[in-house]
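Novice: Those sequence lines, one after another, are chains D and P.
Heads up: the first sequence is residues 1 to 356, going by full-length UniProt numbering.
Heads up: the second sequence is residues 1 to 308, going by full-length UniProt numbering.
Note that the Cβ used here is the ideal one computed from N, Cα and C, for glycine as well.
For clarity, every value in this text was computed on a predicted model and none was experimentally measured.
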Amino acid sequence: MREILNRLRKAGDTLRSATSREESGDRQVATDGGTETVVGDRRRDTLRDSLPVQWELIESAPFWLPPVLLAGFFVYGAIFWNVLLSMTDFQGLGEPNYGQLDLSMYATMLSDGAFWQATQNTIVLLVVFTILCLALGMLVAILIDQNIRFENTFRTIYLLPMSLSFVVTATMWAWVYNAKNGVFNQLLRLLNLEGVVVSLLKPETVNATVVQWLSWNTTALAAVIFALIWQFSGYAMVVFLAGLRAIPDEHYEAARVDGASTVRMYLRVIIPQLRASAVSASVVLMVFALKAFDFIYALRGSQPGANLDILATMMYRVAFSSLRWAYGSAIAIVLFVLALLVIGPYLYSEYKRGQL
Amino acid sequence: MSTSDRNPIQRLRNMERSRIGLYVVLLFGIVFYLFPMETAVMTMFKTQQAFAQTVPFAPPSADGFTLAALQTAWNTLRPGLVNSMLMAIPATILSALLGSLTAYGLTTLDWRGQVGVVVLIIAGIFIPYQAVLVPLSQFWYQILPDLMNGFVNTVFGFYTDGNWVYPSRNGDVQLVQLSITHAAYGLPICTLLFRSYYKSISDEMIEAARLDGATAFSIYKNIILPLSLPMFAVTLIYQFTQVYNDLLFALVLVNEPAANVATQRLTALTGGVVQSFNTTMAGAIVAALPTLLVYVFFGEQFAKGVAE
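1) Would a check of beta-carbon distances place W116 (chain D) closer than 8 Å to chain P?
2) My guess is that K199 (chain P) and T107 (chain P) are in contact by the Cβ rule of under 8 Å, so how many angstroms apart are they, rounded?
3) Contact check, E194 (chain D) vs V176 (chain D) under 8 Å by CB: the rounded distance?
4) Which first and last residues belong to the alpha helix (DSSP H) in which T139 (chain D) is found?
5) Got a sec? Which residues, its chain only, sit under 8 Å from V306 (chain P) by beta carbon, not counting five neighbours each side?
6) List the residues of chain C that N192 (chain D) touches, going by C-beta distances under 7 Å, in chain order.
7) Excluding sequence positions up to five away, which residues of its chain have a Cβ less than 7 Å from the Cβ of T291 (chain P)?
8) Pick helix, strand or coil for F90 (chain D), following the three-state DSSP scheme.
9) Does the stretch 91-100 of chain D come within contact of the stretch 109-116 of chain D, defined as at least 3 CB pairs closer than 8 Å?
10) Counting along the chain, where does the alpha helix (DSSP H) carrying G72 (chain D) start and finish?
11) List the residues of chain D whose Cβ lies closer than 9 Å to the Cβ of A73 (chain P), in chain order.
12) Listing by chain order, which chain D residues have their CB less than 9 Å from the CB of Y185 (chain P)?
13) DSSP beta-bridge partners for F65 (chain P)?
14) Run the CB neighbour count on I30 (chain P), radius 10 Å, all protein chains shown included, and call it buried at 16 or more, exposed below.
15) For G179 (chain P), name the three-state secondary structure that DSSP assigns.
16) If you follow the alpha helix (DSSP H) that I285 (chain P) is in, where does it begin and where does it stop?
17) Restricting to runs no shorter than 4 residues, where is the alpha helix (DSSP H) found entirely within the stretch 127-170 of chain P?
18) Do the stretch 250-267 of chain P and the stretch 118-138 of chain P touch if we need at least three Cβ pairs shorter than 8 Å?
19) Would you call the stretch 274-286 of chain P and the stretch 60-69 of chain P touching, i.e. three or more CB-CB distances under 8 Å?
20) For a cutoff of 8 Å on Cβ pairs, would you count I296 (chain D) as touching chain P?
21) What is the residue span of the alpha helix (DSSP H) that M205 (chain P) lies within?
22) Does Q301 (chain P) get closer than 8 Å to chain D when you measure Cβ to Cβ?
23) Step through the CB atoms of chain P and report whether any lies within less than 8 Å of the CB of A220 (chain D).
24) Within 10 angstroms of the Cβ of A30 (chain D), are there 16 or more other Cβ atoms? Answer buried if so, exposed if not.
25) Find the residues of chain D that neighbour K81 (chain P), judging by a C-beta separation of less than 8 Å, and give them in chain order.
26) Would the beta-carbon of V224 (chain D) fall within 8 Å of that of L308 (chain D)?
27) Would you verify that the beta carbon of residue 312 (chain P) is, or is not, closer than 8 Å to some beta carbon of chain D?
28) Going by DSSP in three states, D294 (chain D) sits in which element: helix, strand or coil?
29) Looking at L125 (chain D): is its Cβ nearer than 8 Å to the Cβ of L200 (chain D)?
30) Using only CA atoms, which one of P:Y159, P:A58 and P:G105 lies nearest to F35 (chain P)?
31) Whose Cβ in chain D lies nearer than 9 Å to the Cβ of N245 (chain P)?
32) Starting from W175 (chain D) and walking both ways along the alpha helix (DSSP H), at which residues does that stretch end?
33) Counting only beta-carbon separations shorter than 8 Å, does A50 (chain P) have a partner in chain D?
34) Does the Cβ of T154 (chain P) have 16 or more other Cβ atoms within 10 Å, making it buried, or fewer, making it exposed?
35) Comparing the CB of L85 (chain D) with every heavy atom of the ligand FAD, is any distance shorter than 7 Å?
36) Which first and last residues belong to the alpha helix (DSSP H) in which D309 (chain D) is found?
This is how it looks when you write it as structure tokens:
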């Protein structure tokens, strides 16, 4: 096989040099030993366009085609399959009936209050988490960029939560938010503020004496968002730090010379240049938020009650606990479309900018 | 350092006071990022009584110190840790290797339509795994067993009497399936990491090798692979934490208790009716240990993988 490919390639090379010498950009150049042919760049292009099948495609296919087929089957094949499943009424037993496809599962979904609640939670989580995470990450990055001592230590510690799994952080935060003895409530107790916070957060509850962070609908989602910000703002920091380091020193100088204050310099000159970092960080953060299943699933294990369903957890519950597989598939498609809405424009703009 | 020249605060030496403020804010940041872990570590060494008497972030008193919670958590999680390693290490190596090959095929050799393939691969990084979950479990539990049963019993029918059953209920098999799944879904991000790295390798060296008649594979083996060792470090470290930390795929693909991975066992530990937070905190720390160690020793490479 390799032998044949090798010969084919040699034949292709001979063909190229035979046909394209004149119209290509090759030049005769005088050197010490006489003249030499310098191969021009245009030759490759003209020949590539004239060949019926691109040689590079054939030659590189053994490297990328098998892995791409593997991933393609698991990603795109599976998504297509999921679309089919969402149009059946599959309940998890036996074979799905692919003969009768309809959209009735989507109708069920649209009239399901739990679905709309989960969608709302997902979007709130997505937007609030992403914005706050970006803001905190940018602030920390700017602070770290002030040529401070022990920069590495600070950076390492700020990024540390990112290396932990959702399950580990959920376990820790379930304890932090614990109503009886958790860190937050103990702190409030030390400051004698518990009653104030209870009346602020849940005025309608007469008997409540402790803040039930994870069991109250008013606080549960905010608590999740706060913990997720803790875990991922370090990521935003790293991205912004790379962006800051790419800004040339002259921009700082120029702002200084113009007499801008530090705050003004950052607001007017530096932060606007971080747009690219902000866009790429927010795309990744939104994807994390859409995938926050592990976190909420693990948090739920210990503190049931509050309405914390996002589409990711609802999909799992419906499909694998209630065995309504087709319904779960339909919710998964909504989640997929949401993800597409986030990454589609991003990938398109990257493609247009020639960054891919 | 050029950073000191451009640094506005550094240059205004009479503003040392605001620098103190800066360090106070940064130290507050350390408190913010470390307190859940600090609390977890303090809590896991406390007896049930000390646990109720002391504030969560304070160390245990002399008589309130115990290693019992850690012992319990370790015993519960140890099989999960072994399973996680058995599953994550092959998955990580496989996806890094395949990612490297794919990136090579999509970078050094230039052909029209290449970008289309790259876009499809990169989009694969961002898909929510929920969108493939049901087909995935269908594939591993139904389609593949049916195919294997048919194949083995047809080809080796004289030997199996047509009774061979694909061991989809076998924990080891489930771990292999989970590993392959992770390798497949890790491939896109690995490809992206290697691709951005390969784009910076100069074409001249490769052109020279090609003029000498080197095949695409020998160029990969002799030039690209040695050059990509630093990128392999980054990818392996990043990918290992991703695979090790996952819960979702494990929940769906591994239902044999003996094959449960560390994240699954930790959820089981937290989800119990009776909650003893010293044990669950010890569990969290034990489960976090592998990736924490990776992070402590290879923080730089991890940060590189994250920032890409």
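Specialist: For this structure:
1) In the first sequence, counting from the first residue as 1, residue 116 (chain D) sits at position 116. So no, W116 (chain D) is outside the interface.
2) The sequence position of residue 199 (chain P) within the second sequence is 199, counting from 1. The sequence position of residue 107 (chain P) within the second sequence is 107, counting from 1. Their Cβ separation, rounded to whole angstroms, is 6 Å, which keeps K199 (chain P) and T107 (chain P) in contact under 8 Å.
3) Stepping through the first sequence from its first residue, residue 194 (chain D) is reached at position 194. Stepping through the first sequence from its first residue, residue 176 (chain D) is reached at position 176. About 16 Å separates the two Cβ atoms, so there is no contact after all.
4) Taking the first sequence and counting its residues from 1, one reaches residue 139 (chain D) at position 139. Position check: residue 139 (chain D) holds Leu in this sequence, whereas Thr was assumed. That run of the alpha helix (DSSP H) goes G113 to I144.
5) In the second sequence, the residue the question calls residue 306 (chain P) occupies position 306. Excluding residues within five positions, the ones whose Cβ falls inside 8 Å are Y238.
6) Reference to chain C is not applicable here, since the protein chains of this structure are D and P.
7) The count along the second sequence starts at 1 and reaches residue 291 (chain P) at position 291. Within the same chain, T291 (chain P) has close Cβ partners T241, Y244 and N245.
8) Taking the first sequence and counting its residues from 1, the one referred to as residue 90 (chain D) is at position 90. F90 (chain D) falls in the coil class under three-state DSSP.
9) no
10) By one-based count along the first sequence, residue 72 (chain D) stands at place 72. Segment W55 to G72, the alpha helix (DSSP H) holding G72 (chain D).
11) In the second sequence, counting from the first residue as 1, residue 73 (chain P) sits at position 73. Correct list: empty, because the minimum Cβ distance to chain D is about 11 Å.
12) Here residue 185 (chain P) corresponds to residue number 185 of the second sequence, with the count starting at 1. Within chain D, the residues near Y185 (chain P) are A71, F74 and V75.
13) Residue numbering aside, residue 65 (chain P) sits at position 65 when the second sequence is read from its first letter. Note: F65 (chain P) sits in a beta bridge opposite P:K46.
14) The residue labelled residue 30 (chain P) in the question sits at position 30 within the second sequence. It counts as exposed.
15) Reading the second sequence from its first residue, position 179 is the one you call residue 179 (chain P). Position check: residue 179 (chain P) holds Ser in this sequence, whereas Gly was assumed. Helix at S179 (chain P).
16) Indexing the second sequence from 1 puts residue 285 (chain P) at position 285. Where I285 (chain P) is concerned, the enclosing alpha helix (DSSP H) stretches over F277 to A307.
17) 130-138, 144-155 and 157-160
18) yes
19) yes
20) Translated into the one-based positions of the first sequence, residue 296 (chain D) becomes position 296. I296 (chain D) does not count as touching chain P.
21) To locate residue 205 (chain P), count along the second sequence from 1; it is residue 205. Counting along the chain, the alpha helix (DSSP H) containing M205 (chain P) begins and ends at D203 to L211.
22) Within the second sequence, the letter at position 301 stands for residue 301 (chain P). It does not; no Cβ of chain D falls within 8 Å.
23) By one-based count along the first sequence, residue 220 (chain D) stands at place 220. A220 (chain D) does not count as touching chain P.
24) Working through the first sequence from its first residue, we reach residue 30 (chain D) at position 30. Unreliable positioning characterises A30 (chain D) in this predicted model, as indicated by a pLDDT of 49, which lies under 50. The coordinate reading is nonetheless provided below. Label assigned to A30 (chain D): exposed.
25) Here residue 81 (chain P) corresponds to residue number 81 of the second sequence, with the count starting at 1. First, the amino acid is wrong: residue 81 (chain P) is Leu here, not Lys. By Cβ distance, chain D contributes nothing, its closest Cβ being about 13 Å from L81 (chain P), past 8 Å.
26) Position 224 of the first sequence, counted from the start, is the residue given in the question as residue 224 (chain D). Position 308 of the first sequence, counted from the start, is the residue given in the question as residue 308 (chain D). Their beta carbons are under 8 Å apart, which means V224 (chain D) touches L308 (chain D) by this criterion.
27) Because residue 312 (chain P) is not part of the residues shown, which for chain P are 1 to 308, the question remains open.
28) Indexing the first sequence from 1 puts residue 294 (chain D) at position 294. Three-state DSSP puts D294 (chain D) in a helix.
29) Taking the first residue of the first sequence as position 1, residue 125 (chain D) is located at position 125. Taking the first residue of the first sequence as position 1, residue 200 (chain D) is located at position 200. Against a cut-off of 8 Å, the Cβ pair of L200 (chain D) and L125 (chain D) comes out as no contact.
30) Here residue 35 (chain P) corresponds to residue number 35 of the second sequence, with the count starting at 1. Looking at the Cα atoms, P:A58 is the closest of the given residues.
31) Start at 1 with the first residue of the second sequence, and residue 245 (chain P) comes out as number 245. Per Cβ cutoff of 9 Å: S163, L164, S165, F166, V167, V168 and D294.
32) Here residue 175 (chain D) refers to the residue found at position 175 of the first sequence. Run containing W175 (chain D): F166 to V176, per the alpha helix (DSSP H) assignment.
33) Taking the second sequence and counting its residues from 1, one reaches residue 50 (chain P) at position 50. No, no contact with chain D.
34) Working through the second sequence from its first residue, we reach residue 154 (chain P) at position 154. With fewer than 16 Cβ atoms within 10 Å of its Cβ, T154 (chain P) is classed as exposed.
35) Looking at this structure, you won't find the ligand FAD or any other ligand, since it has none at all.
36) The residue given as residue 309 (chain D) occupies position 309 in the first sequence. Note, D309 (chain D): premise wrong, no alpha helix (DSSP H); not H, not E.
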